[in-house]
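J.: Oh and the sequence shown: position 56 is 55 in numbering that gives the first Met the number 0, straight run, nothing missing. Beta carbons are placed, not taken as given, at the ideal position from N, Cα and C, and that holds for glycine. Below are the structure tokens for one structure; questions will follow.
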Amino acid sequence: MNATLALIYPWVKALHIISVMAWMAGLFYLPRLFVYHAGTVAKDSDTDRLFAVMELRLLRVIMNPAMIAAWMFGVLLAITPGVVDWSTIWPWTKAAGILAMTWFHHWLALRRKDFAAGMNKCTERQFRFMNEIPTVLLILIVVSVIVRPF
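In structure tokens, the structure reads:
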């Protein structure tokens, strides 16, 4: 198993990066859709239904599969011998960022359900603020892995 993981390491790393990029694209775009949905769209209008379809497809077709793939390939990378030194702090800060990113993904999924049910309680301003969370987490994760200051 260890030899196989070492052999396929470059492929797993490439697929992990591709998956993370797709996931991040969705994490950047869905809150932005919510900003416009909350700020300019009348409830039960054609535009409301259009936004609901766009949000559902983004979540189900891009974000969910990308998150699952990112986790799957990330775990494979983490268990590849010699890749992660678990006695250092950086893998733990990265893990915290990933867990926060996953929580945010699920929070967005719940907000999408609120919009679909016509029960959104968040304002355009709140969604604008929440739209910054993926950027902060991305910075934490990338700095943890590349710079390893911790």
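Can you check which of these residues, Glu131, Leu75, Val146 and Pro30, is closest to Ala6 by C-alpha distance?
T.: Residue mapping note: residue 6 aligns to position 7 of the sequence shown, counting from 1. A small fix is needed here, since residue 6 is Leu in this sequence, not Ala. Ranking Glu131, Leu75, Val146 and Pro30 by Cα distance to Leu6 puts Leu75 first.
J.: With a cut-off of 8 Å, do at least 3 Cβ pairs link the stretch 40 to 47 to the stretch 128 to 137?
T.: Verdict: no, contact absent.
J.: Across the stretch 81 to 92 and the stretch 50 to 59, are there enough close Cβ pairs to call them in contact, namely three or more that are closer than 8 Å?
T.: Taking 8 Å as the limit for Cβ pairs, the verdict is that the stretch 50 to 59 does not touch the stretch 81 to 92.
J.: Can the beta-carbon of Leu136 be found less than 8 Å from the beta-carbon of Gly73?
T.: If you number the sequence shown from 1, residue 136 lands on position 137. If you number the sequence shown from 1, residue 73 lands on position 74. In this structure, Gly73 does not lie closer than 8 Å to Leu136 by Cβ.
J.: Between Leu29 and Met62, how many whole angstroms is the CB-CB distance? I'm expecting something under 8 Å.
T.: Start at 1 with the first residue of the sequence shown, and residue 29 comes out as number 30. Start at 1 with the first residue of the sequence shown, and residue 62 comes out as number 63. Contact flag correct, Cβ pair sits at about 7 Å.
J.: Ser18 and Ala69 look like a contact to me (Cβ under 8 Å); what is the Cβ gap, rounded to whole Å?
T.: In the sequence shown, counting from the first residue as 1, residue 18 sits at position 19. In the sequence shown, counting from the first residue as 1, residue 69 sits at position 70. The Cβ separation is near 4 Å, so the contact holds.
J.: Please confirm whether His104 and Met66 have their CB atoms less than 8 Å apart.
T.: The count along the sequence shown starts at 1 and reaches residue 104 at position 105. The count along the sequence shown starts at 1 and reaches residue 66 at position 67. Result yes, Cβ atoms of His104 and Met66 sit closer than 8 Å.
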